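*Asks:*
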Amino acid sequence: MATFGDIGVAAGINILSALVFLVAFAILRLQPFNDRVYFPKWYLKGLRSSPVHSGAYVSKFVNLDWRSYVRFLNWVPDALRMPEPELIDHAGLDSAVYLRIYLLGLKIFVPVALLAWAILVPVNWTNNTLAISEATDKLEYSDIDKLSISNIPYGSKRFWTHIVMAYAFTFWTCYTLKKEYAAVATMRLHFLASERRRPDQFTVLVRNVPPDLDESVSESVEHFFLVNHPNHYLTHQVVINANKLAKLIEEKKSKENWLDYYQLKYSRNQSQRPMTKTGFLGFWGEKVDAIDHQTSEIQRLSKEIDEERLRVKTDPDCIMPAAFVSFKTRWGAAVCAQTQQSRNPTVWLTEWASEPRDVYWNNLAIPYVSLTVRRLIASVAFFFLTFFFMIPITIVQSLANIEGIEKRAPFLKRVIELHFIKSFIQGFLPGIVLKIFLIVLPSILMIMSKFEGFLSISSLERRSALRYYTFNFVNVFLVSVIAGTAFQQLNTFLHQSANEIPKTIGAAIPMKATFFITYSMIDGWAGVAGEILRLKPLIFFHLKNSFLVKTDKDREEAMDPGSIGFNTGEPQIQLYFLLGLVYAVVTPVLLPFILVFFVLAYVVFRHQIINVYNQQYESAAAFWPDVHGRIISALVFSQLILMGLLSTKGAAQSTPFLIALPVLTISFQRYCKARYEPAFVFYPLQEAMMKDTLERAREPNLNLKAYLRNAYVHPAFKNDEGVEDYDDIEDGKLAASVLVPTKRQSRRNTPEPSKTSSTSSLDCP
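The sequence shown runs 5 to 769 under the numbering used here.
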């Protein structure tokens, strides 16, 4: 069982690792040849020039100014200096609000930690319950556990202190959450009101367009919206299945990069032509001339791309029953996106279109009817993933509680006889092993989200974040506690009656804080410090810069600034909220370690957002209701845990007082959901009308149709001479009186000529 000494060894290793990462970053960022790795955002904005292009030869690669090394920690105040409004203008609202999650953690846990250490720690420490249990029941514990609720005697009146503190922590957490929810909702509405014109403000995604034997999808969409939105409909863009074309284009781009590489290699040494193998990744197969091979492959792909582009434009099967429909005003788009279009609620489904950067084009080709089946399959797969991952988590817990196994397997004693090795295994190894096991998890969860068919990158990340948090809650928290308790008290379980086991678990659960202390140091201290070093992007940039970069565009692509990674970052933060809220009352010793994480992570990610990350999309903080809801769920769970613990500690009479806590918390959540969540779901018509009125006054001659014309063209058709054919929309302003033509002319399903056919047109105002 981890002791103060074991925690000290783990803390020493992690603090040293964090310092090494931070010092290495502070030095590497000063070197001119690393400038594009540590400041890529400024290059993308065109506000920074490379120091490699000026000065003496040596100074192009190494910073020779000794004074800059004296000030090598200046990046910390620089990261904190930019005010929030300027940060929003620089990086977007998503990034600014993401940082507020770390600040929210500090706002909640700083007062909670001070209060817990001032009141609960002395109350827990001044008892000898664990010492008595060790003598009578062979219960294993360490000095750290004396600071937990487990050290309170059975049935003691001191538990009322914990109940009062639970109320205080709950009220403070809810008060802070309400203020933050209101602030973020106001920031979102202000951001939307002051934001520059974007295509998604005027555009709605229409799905499940009903089939019509007499009209194409494009004609059906145009006819429907000219009839039902005659004063506001502007134009539309039918969704096409160009996934195969996009893959061919990506493959051609890869071949072109390899051709550039081989040509550059040959230009440096013309005595020998570069060779490659035709097999997988060039590892096996026939050996051929690399330049000729890549050239022939590019020619082959160019021919296939032309054929596929022609097929996509002419094959009706490539046209999906969906379209991006644009309106003349934001008001018209808001009305369409937030209302039911047909008496049949399963067709003509409308929702706000994501901004073009946020659209995940591959999933637009998924039939709407298959989404339910796909999501069921993904849910089942996630269940089995979570279930089978319990095995490695249990192995990790066996490392954390090796003394409990020694009594069952004495042959392991020789492995951990040395004190330092024992401290290393119990204080450091479990956390690092768990971190390694979790490395591949985000990629798996993102694949699941893509399979489910979500249409935007932001919704993919939010779905993946939900599953990541659920996984952390089940495996990292629940399984760690249960499996760790089973290993830790293995001898006790085997020698006591079944009626006594719940009491033992009640005493042992708070003592699992030692494992989460080591995990928070590895993941929250060393892990966050390692994030700022950007070791992987640093290595890849220099490799690409040495072998593949030929133009400024190539160098820009080699920088790889990345993004905040909401699908991995937010669940990580939520795990610390969960740990802090659960252990605030039962084991307050964990709180200082969590506070260090929030402080360090806030500084590091603020620096990264200002200088490095280039956010792929802007959702205007649409993720905040998820953040708020998960903190509330963690708070309710902590209250239920406390109720269960007190029931095993002979304080069942306190249950009526504790039942009120989850009831009040859930009521608070319902209030916040009704009061603030609509700002994240709907776009107020009042705001839309205000923006439309201001825009008409400022730009009375705005050609909105030209602005929206190719906004939602599939990326495979960007910069293509055939975009006009794909768009299939005539230029010019809409006439005051618009004809609504159709092709329904008494063929199969119409006994008489249609009232709105080519022979009988109807004028619509």
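In this text, a Cβ means the ideal position worked out from N, Cα and C, and glycines have one as well.
Remember, it's a predicted structure, so these values are computed and weren't measured experimentally.
1) Which residue from 664, 682, 383 puts its Cα closest to that of residue 171?
2) Would you mind reading off the limits of the beta strand (DSSP E) that contains residue 211?
3) Is residue 626 helix, strand or coil when you go by DSSP?
4) Can you give me the start and stop residues for the beta strand (DSSP E) that residue 252 sits inside?
5) Tell me, which residues are paired with residue 323 by DSSP?
6) Since residue 86 is in the beta strand (DSSP E), which residue starts that stretch and which ends it?
7) Which runs of the alpha helix (DSSP H) at least 4 residues long sit entirely within the region 647-705? Give them in chain order.
8) Between the region 645-664 and the region 702-714, do three or more beta carbon pairs fall short of 8 Å?
9) What residue range is occupied by the uninterrupted beta strand (DSSP E) comprising residue 280?
10) What residue range does the alpha helix (DSSP H) around residue 464 cover?
11) Give the single residue among 684, 261, 712, 468 whose Cα lies nearest to the Cα of residue 572.
12) Can you look up residue 238 in the DSSP assignment and give me helix, strand or coil?
13) Run through DSSP, which three-state label would residue 439 get?
14) Within its chain, find whatever has a CB closer than 7 Å to the CB of residue 16; leave out the 5 residues flanking it on each side and keep chain order.
15) Please confirm whether residue 605 and residue 106 have their CB atoms less than 8 Å apart.
16) Report the rounded CA-to-CA distance for residue 230 versus residue 237, giving the unit in angstroms.
17) Helix, strand or coil: which one does DSSP assign to residue 583?
18) Helix, strand or coil for residue 331? Go by DSSP, reduced to three states.
19) Which of the three DSSP states is assigned to residue 643 in this structure?
20) Can you give the Cα-Cα distance for residue 382 and residue 644, rounded to whole angstroms?
21) Is the beta carbon of residue 330 less than 8 Å from the beta carbon of residue 240?
22) Just how far apart, CA to CA, sit residue 336 and residue 456?
23) Taking just the CA atoms, how far does residue 635 sit from residue 473?
24) Here's the rule I'm using: 16 or more other beta-carbon atoms within 10 Å means buried, otherwise exposed. How should residue 704 be labelled?
25) Grouping DSSP H, G and I as helix and E and B as strand, with all else coil, what is residue 376?
26) Looking only at DSSP bridge pairs, what is residue 355 linked to?
27) I need the straight-line Cα distance from residue 582 to residue 228, nearest angstrom please.
28) Can you tell me whether residue 184 is buried or exposed? The criterion is at least 16 other CB atoms within 10 Å of its CB, across all chains shown.
29) Quick check on DSSP: helix, strand or coil for residue 183?
30) Cutting at 6 Å between CB atoms, please list the residues of its own chain near residue 372, excluding the five before and the five after it.
31) Under DSSP, the beta strand (DSSP E) around residue 291 begins and ends at which residues?
32) Sorted by chain position, which residues of the same chain lie with C-beta nearer than 6 Å to residue 20's C-beta, five sequence neighbours on each side aside?
33) Excluding sequence positions up to five away, which residues of its chain have a Cβ less than 8 Å from the Cβ of residue 350?
34) Less than 8 Å separating the beta-carbons of residue 309 and residue 252?
35) When you compare only the Cα positions, how much space is there between residue 740 and residue 621?
*Replies:* With the structure as the only source:
1) 664
2) 207-211
3) coil
4) Here residue 252 belongs to no beta strand (DSSP E); instead the alpha helix (DSSP H) covers 247-272.
5) 244
6) Looking at the DSSP string, residue 86 is not in any beta strand (DSSP E), and its letter there is neither H nor E.
7) Those alpha helix (DSSP H) runs which fall completely within the region 647-705 and span 4+ residues are 659-680, 682-685, 689-702.
8) no
9) Segment 279-281, the beta strand (DSSP E) holding residue 280.
10) 461-475
11) Just measuring C-alpha positions, the residue of 684, 261, 712, 468 sitting nearest residue 572 is 468.
12) The three-state reading of DSSP puts residue 238 in strand, counting E and B together.
13) Here DSSP, grouped into helix, strand and coil, assigns residue 439 to helix.
14) none
15) Yes, these two residues count as a Cβ contact at 8 Å.
16) 6 Å
17) helix
18) strand
19) Looking at residue 643 - three-state DSSP - the assignment turns out to be helix.
20) So the two alpha carbons sit approximately 30 Å from each other.
21) yes
22) 30 Å
23) One C-alpha to the other measures close to 11 Å.
24) With fewer than 16 other Cβ atoms within 10 Å, it is exposed.
25) The three-state secondary structure of residue 376, taken from DSSP, is helix.
26) According to DSSP, residue 355 bridges with 209.
27) 49 Å
28) It counts as buried.
29) Here residue 183 sits in helix by DSSP.
30) 211, 212
31) 291-293
32) none
33) Closer than 8 Å at Cβ, skipping near neighbours: 212.
34) In this structure, residue 309 sits near residue 252, with a CB-CB distance shorter than 8 Å.
35) Model confidence at residue 740 stands at a pLDDT of 38, short of 50, so the residue's coordinates are unreliable; what they give is reported in the following sentence. The straight-line gap from Cα to Cα measures roughly 37 Å.
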